[in-house]
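Right, one structure below, let's go through it.
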Amino acid sequence: MGEVGGGVVELRDSSGGRSPPSTQRSRSSAVSCAVAPVSAAPVAALAEAGAMAATDIARQVGEGCRTVPLAGHVGFDSLPDQLVNQSISQGFCFNILCVGETGLGKSTLMDTLFNTKFEGEPATHTQPGVQLRSNTYDLQESNVGLKLTIVSTVGFGDQINKEDSYKPIVEFIDAQFEAYLQEELKIRRVLHTYHDSRIHACLYFIAPTGHSLKSLDLVTMKKLDSKVNIIPIIAKSDAISKSELTKFKIKITSELVSNGVQIYQFPTDDELVAEINGTMNAHLPFAVIGSTEELKIGNKMMKARQYPWGTVQVENEAHCDFVKLREMLIRVNMEDLREQTHSRHYELYRRCKLEEMGFKDTDPDSKPFSLQETYEAKRNEFLGELQKKEEEMRQMFVQRVKEKEAELKEAEKELHEKFDRLKKLHQDEKKKLEDKKKSLDDEVNAFKQRKTAAELLQSQGSQAGGSQTLKRDKEKKNFF
Ligand SMILES: Nc1nc2c(ncn2[C@@H]2O[C@H](COP(=O)(O)OP(=O)(O)OP(=O)(O)O)[C@@H](O)[C@H]2O)c(=O)[nH]1
Ligand SMILES: [Mg+2]
Numbered sequence: 001m002g003e004v005g006g007g008v009v010e011l012r013d014s015s016g017g018r019s020p021p022s023t024q025r026s027r028s029s030a031v032s033c034a035v036a037p038v039s040a041a042p043v044a045a046l047a048e049a050g051a052m053a054a055t056d057i058a059r060q061v062g063e064g065c066r067t068v069p070l071a072g073h074v075g076f077d078s079l080p081d082q083l084v085n086q087s088i089s090q091g092f093c094f095n096i097l098c099v100g101e102t103g104l105g106k107s108t109l110m111d112t113l114f115n116t117k118f119e120g121e122p123a124t125h126t127q128p129g130v131q132l133r134s135n136t137y138d139l140q141e142s143n144v145g146l147k148l149t150i151v152s153t154v155g156f157g158d159q160i161n162k163e164d165s166y167k168p169i170v171e172f173i174d175a176q177f178e179a180y181l182q183e184e185l186k187i188r189r190v191l192h193t194y195h196d197s198r199i200h201a202c203l204y205f206i207a208p209t210g211h212s213l214k215s216l217d218l219v220t221m222k223k224l225d226s227k228v229n230i231i232p233i234i235a236k237s238d239a240i241s242k243s244e245l246t247k248f249k250i251k252i253t254s255e256l257v258s259n260g261v262q263i264y265q266f267p268t269d270d271e272l273v274a275e276i277n278g279t280m281n282a283h284l285p286f287a288v289i290g291s292t293e294e295l296k297i298g299n300k301m302m303k304a305r306q307y308p309w310g311t312v313q314v315e316n317e318a319h320c321d322f323v324k325l326r327e328m329l330i331r332v333n334m335e336d337l338r339e340q341t342h343s344r345h346y347e348l349y350r351r352c353k354l355e356e357m358g359f360k361d362t363d364p365d366s367k368p369f370s371l372q373e374t375y376e377a378k379r380n381e382f383l384g385e386l387q388k389k390e391e392e393m394r395q396m397f398v399q400r401v402k403e404k405e406a407e408l409k410e411a412e413k414e415l416h417e418k419f420d421r422l423k424k425l426h427q428d429e430k431k432k433l434e435d436k437k438k439s440l441d442d443e444v445n446a447f448k449q450r451k452t453a454a455e456l457l458q459s460q461g462s463q464a465g466g467s468q469t470l471k472r473d474k475e476k477k478n479f480f
């Protein structure tokens with residue numbers, strides 16, 4: 001395996017000249033400056049920067065600070081070396097996110113960039129949604145250790161409805177920021193041993209269509225640009241002719257600009273790398289080819305792709321921009337990508353999150369707001385809200401009880417009315433029956449009277465009939 005960042009491959013500029021030596025940039029932060037390979041130039045530059053910073057501080061503190069000459073060597077000029085040594089012993093970490101449609105050559109490009117074969121199965125085209133696959137590897141080059149995490153999209157662009165394809169990616173990036181924030185907020189923090197999983201660079205793989213960006217690409221890049229350093233690359237650029245590629249690059253750039261997509265710009269504020277970075281910014285998006293296959297070209301073994309009509313060499317700058325990408329991503333700007341992730345993207349996430357949680361730097365009178373005050377304010381706000389909620393619930397409960405009471409009263413009233421109605425009905429019925437009974441009784445009495453009269457009449461009749469019979473019997477006897 002070859003060297004990844006040690007200067008084996010020379011980067012040539014467009015005029016054919018050799019580019020400045022590969023150097024990791026160092027910015028103002030003390031921690032982030034401890035990244036350069038141990039060499040005299042950056043250490044001297046750091047010492048110089050340190051001296052300049054001291055002058056600045058002296059100027060800032062003004063009267064209270066005096067410059068005192070030293071009578072002899074003290075030793076704090078070794079501070080930059082100490083930083084470098086400490087950083088080397090701690091090791092570095094770098095996290096790359098590869099976003100691109102299935103089969104666009106993401107894994108092959110990673111293998112080619114790091115000169116190794118990372119494991120990983122190709123994805124199918126039948127994924128129901130977009131997922132992210134993350135793998136971490138320990139790499140060693142010279143005496144520098146690198147914990148490399150490669151995160152790849154799986155199933156990106158394979159769904160019929162691609163509206164939400166960006167969401168899992170955004171969620172993943174935010175989850176890494178959140179994990180870091182949680183670690184920072186812990187009482188016992190172990191940030192020096194914490195595995196920082198925040199994404200430092202997002203390689204966005206554009207399909208070599210030669211036309212324009214797909215809306216999926218534009219939407220996804222737009223959603224990601226405030227969260228991660230996006231480096232757009234035209235994948236499998238051997239599938240596109242030279243003249244088409246030039247037009248395609250122009251088209252992509254203009255579409256990114258017109259849609260307000262902020263891609264990562266290689267920094268030009270450090271004169272050590274300003275020239276090369278400025279030149280490379282003009283070459284974006286890089287058109288790359290990936291291959292780990294080594295073919296014999298002339299006397300040399302080279303990474304290339306062989307076709308029936310010829311061979312395309314990965315590391316030949318006339319064939320593609322692979323070398324430019326490797327140079328910019330690994331050899332020149334790796335530290336800037338890490339720093340931008342921390343100072344820009346993570347800072348934005350942290351600020352929004354803390355503001356959401358109620359933290360402020362100053363109160364309405366522009367006085368500094370202490371953590372204690374923030375806590376008290378948030379607590380009071382919370383208690384106020386709790387009281388408000390309690391009051392609302394009480395009101396609601398009273399209201400419900402009142403409603404229930406009214407309902408019950410209404411039901412009771414209805415029952416009473418029903419009872420009265422039934423009672424009246426019953427009374428009417430009773431009266432009717434009594435009347436009927438009375439009339440029946442009357443009828444019965446009248447009948448009885450009639451019966452008695454009839455009986456009397458009958459008995460009288462029978463008596464009268466009896467005496468006549470007696471008389472007749474007597475007359476009969478007399479006759480005989
Ligand atoms: N023509 C051409 N083919 C390439 C290039 N890079 C990779 N390939 C081929 O494309 C196919 C897919 O490559 P992968 O690297 O597996 O693609 P991927 O994006 O990782 O695929 P998934 O992980 O399945 O999404 C393989 O057959 C590669 O050999 C390239 O630059 N040009
Ligand atoms: Mg893959």
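For reference, each letter of the sequence shown is one residue, going 1 to 480 in full-length UniProt numbering. No residue lacks a Cβ here, since even glycine has one placed at the ideal position from N, Cα and C. Computed from a prediction, not measured in an experiment: that's the story for all the values here.
Beta-carbon separation (whole angstroms), residue i vs residue j, contact threshold 8 Å
| i | j | result |
| --- | --- | --- |
| Y166 | K223 | 4 Å |
| N229 | Q340 | 6 Å |
| L203 | I169 | No, L203 and I169 are not in contact; Cβ-Cβ is about 13 Å, not under 8 Å. |
| L113 | R331 | Between R331 and L113 the Cβ distance is about 11 Å, and since that is not below 8 Å, they are no contact. |
| residue 550 | A235 | Residue coverage of the chain in this structure runs from 1 to 480, which leaves residue 550 outside it and unanswerable. |
| T153 | L132 | 6 Å |
| K353 | L181 | 6 Å |
| I231 | L329 | 7 Å |
| K249 | P285 | 6 Å |
Counted within 10 angstroms of its Cβ, other Cβ atoms place residue i as buried (16 or more) or exposed
| i | result |
| --- | --- |
| G310 | exposed |
| Q468 | exposed |
| A201 | buried |
| M280 | buried |
| I297 | exposed |
| K424 | exposed |
| P308 | exposed |
| P267 | buried |
| M110 | buried |
| Y349 | buried |
| S29 | Below a pLDDT of 50, predicted positions are generally treated as unreliable, and S29, at 39, falls in that range; no measurement from the model is reported. |
| L337 | buried |
| R198 | buried |
| D196 | buried |
| V444 | exposed |
| G278 | exposed |
| Y346 | buried |
| N95 | buried |
Residue i - DSSP class collapsed to helix/strand/coil
| i | result |
| --- | --- |
| L139 | strand |
| M328 | helix |
| R305 | strand |
| Q372 | helix |
| T246 | helix |
| G310 | strand |
| S26 | With a pLDDT of only 43 at S26, under 50, the local geometry of the prediction cannot be trusted, and no value is derived from it. |
| S32 | With a pLDDT of 37 at S32, under the threshold of 50, the modelled position of that residue is not reliable, and the figure given next carries that caveat. Looking at S32 - three-state DSSP - the assignment turns out to be coil, as it is neither helix nor strand. |
| R450 | helix |
| Q131 | strand |
| F118 | coil |
| E286 | It should be pointed out that residue 286 corresponds to Phe in this sequence rather than to Glu. F286 falls in the strand class under three-state DSSP. |
| residue 494 | Outside the shown range of the chain, which is 1 to 480, sits residue 494, and nothing can be said about it. |
| K402 | helix |
| K300 | strand |
N- and C-terminal bounds of the beta strand (DSSP E) containing residue i
| i | result |
| --- | --- |
| Q262 | Neither: Q262 is in no beta strand (DSSP E) and is coded neither H nor E. |
| K296 | 294 to 297 |
| K147 | 144 to 154 |
| A201 | 201 to 206 |
| V99 | 92 to 99 |
| P232 | 230 to 234 |
beta-carbon residue i near ligand 3 non-hydrogen atom, thresh 7 Å
| i | result |
| --- | --- |
| V273 | Inclusion of ligand 3 in the displayed structure is not the case, the ligand content consisting of ligand 1 and ligand 2 alone. |
Residue i - containing alpha helix (DSSP H), residue span
| i | result |
| --- | --- |
| L354 | 347 to 356 |
| I187 | From DSSP, I187 is part of no alpha helix (DSSP H); its letter is neither H nor E. |
| I276 | 271 to 281 |
| D217 | 215 to 224 |
| R338 | 334 to 340 |
| D111 | 106 to 113 |
Around ligand 2, Cβ to any heavy atom closer than 6 Å, ordered along the chain: Those residues are K106, S107, G120, P122, S152, given in chain order.
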